[in-house]
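All remarks here apply to the structure that follows.
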Amino acid sequence: MTLHATGLSLAADGVDHLKEVTATFRPGRLHTVIGRTLAGKTTLLRVLAGLQRVDSGSLTRDGADFLRTPVWRRDTAMVYQQFINYPHLDVRDNVAFPLRRAGLAREEIERRVEQSLARVGLAEFKERRPSQLSGGQQQRVAIARALAREASILLFDEPFANLDYKLREQLREEFKTLFSDQGDAVVIYTTTDPAEAMMLGDVVLVMHEGRIVQAGAPHEVFDRPATTTVARIVNDPPMNVFPGRIDGDLITVAGLPAGGVPGHLAGLADGAYQFGLRATDVGLAQSGVEGEVTFVEISGSETFVHAVAGQTPFVMQIEGIHDVALGEQVFMRLRPERLFAFDEEGALVRSPACETVLAGGR
Amino acid sequence: MPRLYPAFKYTVIALWACFVAGPFMWAATTSFKDANAVQGGATYLPWLQYEPTATGWRNIFGGSGGVDVLGPFLNSALVTVAASAISLVLGSLAAYGLSRFRYRAGFVKNSDIVFFFVSQRIMPPVVLVVPFFYLLQVAGLLDTVPGLVIVTVALLLPIAVWVMVDFFNGIPREIDEMAMLDGCNPLTAFTRAILPNSLPGLTVAAMFCAVFGWNDFFFAFRLTFTEIQTLPQAIVALNSSIPPWWTLSAAALFGISPLVLLAIWVERYLSKGNLSGAIR
Amino acid sequence: MDIPRRYKSMFVLPGLITLVLIIIFPLLFTIRVSFSSWNVSSPQMDFVGVANYVTMLSDGRFWAGTLRLVLLAGGTVLIQYVLGFGLALLVWRNVLGRRLWRVLFLVPMMTTPVVMAAIWQTIFHESLGPVNDLLGRLGLEPVRWLTEAGPAVVALMTVEVWQWTPFMFLLMLAGLLSLPKEPFMAAAIDGAGAWRTFREVTFPLMAPVSVSAVIIRLIEASKLSDTVYVLTSGGPGSATESPGYYLYIRALKEQQTGYGGSLSLTYLILMIVTLTVVAALLARALKVKGDS
């Protein structure tokens with residue numbers, strides 16, 4: 001079963017929620033949709049679910065029109081960002097609800113409820129009401145309900161975004177195994193977190209202002225972001241993007257010389273470019289691009305140093321805890337071999353040599 | 001001031017409590033009097049000031065030469081329950097639709113339809129009662145329970161819509177969406193996912209319907225005569241004859257008792273904070 | 001949400017059609033009959049133009065009743081609001097026997113107005129009622145409650161206040177119970193006294209509830225007629241006559257259906273216009289966004 005969207009557009013109050021969205025969702029694959037808040041991710045899911053009408057465009061399922069299929073005949077399960085369950089039903093009946101609506105035999109319902117609750121680790125909580133469960137458990141109920149249906153389309157709208165950090169990590173780990181054997185289902189998962197998108201997705205779709213700006217395998221998107229916008233979205237912290245020049249075999253950044261042209265950029269014509277560099281590829285050094293520290297945050301075993309060179313803000317991600325004072329003048333070392341080169345419109349010209357270290361560990 | 005405040009507070013509460021309870025106490029004491037006790041001027045305490053008798057109470061419960069209140073009681077109950085039920089069903093359906101979906105008919109929008117429903121409360125019964133009389137006469141429903149039920153629905157449906165629209169607006173839309181994704185059509189989503197979670201709202205709506213249905217006098221007064229009499233009608237009819245105050249008092253206490261019990265139950269709801277969501 | 005049209009209709013149409021059918025024919029009938037001379041001796045749907053309306057213009061009893069209703073409804077609703085809000089504040093929290101008070105204060109609105117009016121008639125009875133008895137014990141002269149114009153109005157207002165203050169109390173208490181706690185904590189931290197807290201926190205927060213409660217009560221109060229019918233029959237003379245009761249006399253008792261129709265429509269239109277204006281003024285005075 002394949003879902004195919006062509007030119008889906010939806011505007012309201014002068015804002016494009018969806019703009020010419022064309023995408024194919026294939027069976028047995030997990031598609032992650034990454035984008036910032038209000039990029040149109042939720043709208044896209046709601047259109048696929050049939051909860052939202054579009055202004056134009058078409059949606060087909062195995063070639064047949066799907067837009068006019070009402071919600072309740074779409075065989076689509078959805079898990080919301082908010083933990084949505086039926087408040088009047090206990091956990092068991094919550095999971096059984098769609099199965100009863102589908103008219104399955106009692107034994108089959110029983111079997112699937114047991115099985116899916118066991119898989120999300122809630123076998124002990126069958127008699128509880130959703131209100132008697134923690135947030136994480138409530139979301140597990142919602143996931144169990146989606147699992148039990150064995151629906152042909154599974155939609156997840158930032159399912160773990162409202163959970164605390166620890167729980168989010170844990171559920172994300174479980175998620176991959178939970179949905180590894182969903183057979184031929186089309187699974188679509190939205191997130192704002194690049195690590196999550198790269199780790200879970202077989203296919204990553206990047207959304208920005210209602211458009212799908214890039215789609216492809218995770219490493220493809222990560223290693224060759226089509227534009228500076230994509231590069232920022234799929235990196236956390238967002239990729240540093242700054243103006244610079246290539247003149248012969250010299251690179252200039254923010255008007256300062258930043259070293260020689262690295263091998264992978266050789267052969268590019270002289271002129272102005274936008275360069276991109278991940279936060280991990282900028283470091284503190286004794287010499288280099290000079291900047292003033294504007295903000296320092298320490299997270300776990302890493303230090304994020306924000307600095308401004310001229311007009312250009314940079315963020316550095318440095319291993320270990322470093323004591324850097326605000327307002328301090330520092331030198332930044334840019335790793336030239338890791339530079340992404342974009343043209344002045346922001347389209348990718350050249351990327352560093354492929355390196356498929358995925359974002360899971362940053 | 002801080003020391004005086006509690007004294008002031010309890011004084012006011014006590015005074016108001018006396019004012020509220022006064023008529024009930026008066027009716028209660030009067031219901032045990034006989035003609036002599038009433039004619040002798042206002043007295044309050046049985047045994048001390050007058051010799052109590054149960055004549056009033058015997059009169060309303062089938063004593064010889066008494067008045068029938070049980071028949072009217074049943075009529076009132078039948079009309080109230082039927083009209084409330086119809087109003088709750090039609091009102092909840094309409095309120096749910098208006099709360100969830102967008103309606104358009106020319107310049108008419110959802111809020112206009114809600115306003116149309118609710119604004120019918122402004123209709124004074126006396127304005128409607130003459131045309132109702134002729135309409136029911138034509139339909140052969142004059143002086144029948146179904147006829148009275150139909151016109152009572154006009155009183156109650158606006159209340160049901162008013163309470164339920166507000167209530168449904170407070171239920172997250174994601175629950176209905178989820179139900180539809182889970183295979184319910186909009187109607188079954190409503191009955192299986194929303195209604196079971198609407199007990200507080202339905203209770204408040206039912207309470208208002210019961211109050212205004214049970215206490216209606218005017219429609220019953222002008223649209224039913226001999227075949228059907230409702231309780232308020234029967235009690236008011238007592239009043240217009242030479243004051244058998246004891247019977248009137250007993251009948252009045254009997255007539256208001258179902259809703260006084262309702263008040264106790266409503267307060268429970270209020271304590272649990274369930275009313276706040278339904279009334280705004 | 002996007003659902004097929006027939007489902008949308010399925011929800012709203014049954015109720016809408018029912019109400020329109022119940023309301024629209026009587027309304028059309030009333031409009032038509034108001035241009036006829038239909039009365040008890042000649043029940044006919046002829047056309048006499050605006051004759052009924054011309055008669056009505058010089059019908060002093062109708063206009064006096066209308067003016068009286070404005071004062072009665074305005075006065076009683078104001079008293080009900082002040083008392084209802086005050087009582088709700090008193091039993092809102094920190095009070096012994098809270099639940100008992102709450103139930104007791106709610107009971108009158110549950111009782112049948114005409115039935116209680118009959119009881120009130122005995123209470124205000126000149127020689128046998130407890131009110132004059134108590135006045136006598138205080139050394140005061142008995143008052144002719146139901147047979148003298150001034151006292152009859154007072155009696156009517158007393159009954160209305162007794163009956164409907166609880167409704168105000170219910171709405172205001174429900175409103176108070178749903179208020180957020182934070183503003184009160186902030187006021188307490190600022191050291192605001194009881195009066196300042198009320199003026200600057202409680203009252204503004206309760207403004208929306210207040211407006212709806214007052215409007216709802218005004219709508220109901222402007223229909224006043226049952227209680228008048230039982231308590232005073234509009235008397236003495238026409239001292240307590242409301243338009244609703246006057247309409248009853250003309251249209252039903254005397255069966256001047258045509259003339260009654262024109263009175264009905266005028267009464268209805270006056271009510272709608274007045275209440276709309278009052279609602280708008282109240283909403284603006286308390287800076288509440290109008291909600292429908």
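Protein chains in written order, with the numbering used here: chain A, 1 to 362; chain G, 1 to 280; chain E, 1 to 292.
Beta carbons are placed, not taken as given, at the ideal position from N, Cα and C, and that holds for glycine.
Residue i - DSSP class collapsed to helix/strand/coil
i       : result
P6(G)   : helix
L96(E)  : coil
Q121(E) : helix
Y50(G)  : strand
L67(A)  : coil
G87(A)  : According to the sequence displayed, residue 87(A) carries Pro and not Gly. Looking at P87(A) - three-state DSSP - the assignment turns out to be coil, as it is neither helix nor strand.
F203(E) : helix
N169(G) : helix
R211(A) : strand
D157(A) : strand
N132(E) : helix
L13(E)  : helix
K8(E)   : helix
Y103(G) : coil
R26(A)  : coil
F225(G) : coil
Y81(E)  : helix
R129(A) : coil
K181(E) : coil
I279(G) : With a pLDDT of 40 at I279(G), under the threshold of 50, the predicted position of this residue should be treated as unreliable, though the coordinate-derived value follows. DSSP places I279(G) in coil when its eight states are reduced to three.
E174(G) : helix
D16(A)  : strand
L253(G) : helix
G360(A) : Reliability fails at G360(A), whose pLDDT of 38 lies under 50, so the model's placement of it is uncertain and the value that follows must be treated cautiously. If DSSP states are grouped into helix, strand and coil, G360(A) belongs with the helices.
F73(G)  : helix
I298(A) : strand
7 Å Cβ cut-off: residues of chain D touching residue i
i      : result
P98(A) : No chain D is present in this structure, whose protein chains are A, G and E.
Partner residues on chain G for residue i, Cβ-Cβ distance less than 9 Å
i      : result
Y80(A) : E174, E177 and M178
A12(A) : Those within 9 Å of A12(A) in chain G number zero; the least Cβ separation is about 12 Å.
Partners in chain G for residue i, counting only beta-carbon separations shorter than 8 Å
i       : result
W120(E) : P23
T76(A)  : L181
Cα-Cα separation between residue i and residue j, rounded to whole angstroms
i       : j       : result
A278(G) : G15(E)  : For A278(G), the predicted model reports a pLDDT of 40, less than 50, meaning its position is unreliable; a value from the coordinates is still stated below. About 20 Å.
T266(E) : M25(G)  : 42 Å
A217(A) : V91(A)  : 37 Å
R362(A) : L89(A)  : Only weak support exists for where R362(A) lies, its pLDDT of 34 falling under 50; the value from the coordinates is given anyway. Straight-line Cα distance between these residues: approximately 41 Å.
V77(E)  : S242(E) : 15 Å
D291(E) : V161(G) : Confidence at D291(E) is low in this model, with a pLDDT of 41, below 50, so the placement of that residue should be treated as unreliable; the coordinate-derived value is given next. Cα to Cα, D291(E) sits roughly 15 Å from V161(G).
E209(A) : D16(A)  : 7 Å
L250(A) : L265(A) : 11 Å
Q120(G) : P158(G) : 6 Å
Q49(G)  : T43(G)  : 6 Å
L18(A)  : L10(A)  : 5 Å
L177(E) : G63(A)  : 56 Å
S225(E) : I249(E) : 11 Å
S276(G) : A174(E) : With a pLDDT of only 44 at S276(G), under the threshold of 50, the placement of this residue in the model should not be trusted, and no figure is reported.
Beta-carbon separation (whole angstroms), residue i vs residue j, contact threshold 8 Å
i       : j       : result
Q44(E)  : P108(E) : Their Cβ separation, rounded to whole angstroms, is 45 Å, which puts Q44(E) and P108(E) out of contact at 8 Å.
F225(G) : P125(G) : 17 Å between Cβ atoms; not a contact.
L261(G) : F212(G) : About 17 Å; that fails the 8 Å criterion.
V141(A) : P130(A) : 6 Å
N235(A) : P194(A) : 6 Å
Under 7 Å from the C-beta of residue i: neighbouring residues of chain A
i       : result
N197(G) : P87 and H88
Chain-ordered chain G contacts of residue i [CB-CB under 7 Å]
i       : result
A251(E) : V130
Q51(A)  : Correcting the residue type first, residue 51(A) is Leu in the shown sequence and not Gln. E177, listed in chain order.
A402(A) : This structure cannot speak to residue 402(A), because chain A is shown only from 1 to 362.
In DSSP terms, what residue i is bridged to
i       : result
G244(A) : V253(A) and Y273(A)
M78(A)  : L155(A)
S9(A)   : S56(A)
Partner residues on chain E for residue i, Cβ-Cβ distance less than 9 Å
i       : result
V153(G) : T18, L19 and I22
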